[in-house]
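So the number in this note's numbering is just where the residue sits in the sequence shown, counting from 1, plus 3. Here's the structure, in structure tokens; my notes come after.
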Amino acid sequence: MYNLGVGTIISLWVKLAYTLFVIVLVPVYWLEHGHENFLWGSDIALFVTVLALWAENALLASMMALAILVPELAWNIDFFWRLMFGADSLQLLGTRYMFDPDLPLLVRGLSLFHVALPALLVWLIYRLGYERRALIYQTVLAWVVLPASYLLTDPAANINWVRGLGREPQAWMPAPVYLILLMIAFPLVVYLPTHLLLERLFAAPRSSRC
């Protein structure tokens, strides 16, 4: 079993500051976006990272890195491109809401966690080590979250792109077939390359924390 106690590698102020940020974000997001929004992979990573910090748990940190580093890279490219060249200059998904004047500034400000969270997770892996089993565990988690996103959320929200890779649902194959292909694509196209890179760049955890 992984230790869920408070460790000593990560500074207490980092744990407290991050936890406070999440405590502030949750009610704001809930009121603005609704509870379904928390099924997004980035939001799940936001919450699990709280546990990873306090437990100093390399497996949790590694799983969340696999889950979000590639999607958040796309989010950041889109966001900063729009910021520098205009909101309609790059037709990628995800960041148009950041430039919506009707969306409260507090919500948009809190959403900048998409910029900071990938860096925090890479730093955590640097400090704690990269856990090789993360690929299997994160794949299993995705195979729970993706069907849940399909079955339990508003299709118009397209949580985790379970309806299509755009704002409109895809119509070129049956929806269940698309979902199955997405469940295959995430481990092969997103997680595996990230796993191989992190495995090469970072050492394994110093101990199994059993």
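Note that beta-carbon positions come from the ideal geometry of N, C-alpha and C, so glycine has one too. Keep in mind that this is a model prediction, so the values were computed, not measured.
Within-8 Å CB hit, residue i to chain C
i	result
residue 147	Among the chains in the structure shown there is no chain C, since it carries only a single protein chain.
Proximity below 8 Å, CB of residue i to CB of residue j
i	j	result
residue 171	residue 120	no
residue 70	residue 63	no
residue 35	residue 156	no
residue 165	residue 191	no
residue 123	residue 52	yes
residue 132	residue 178	no
residue 42	residue 151	yes
First through last residue of the alpha helix (DSSP H) which encompasses residue i
i	result
residue 70	61-88
residue 202	195-204
residue 137	137-155
residue 162	Looking at the DSSP string, residue 162 is not in any alpha helix (DSSP H), and its letter there is neither H nor E.
residue 112	108-113
residue 116	116-131
Okay, do the region 186-201 and the region 132-144 touch, 3+ Cβ pairs below 8 Å being the bar? yes
Counting only runs of 4+ residues fully inside the region 17-44, write out the alpha helix (DSSP H) ranges in chain order. none
Pairing CB atoms from the region 142-150 with CB atoms from the region 21-33, are three or more of them under 8 Å? no
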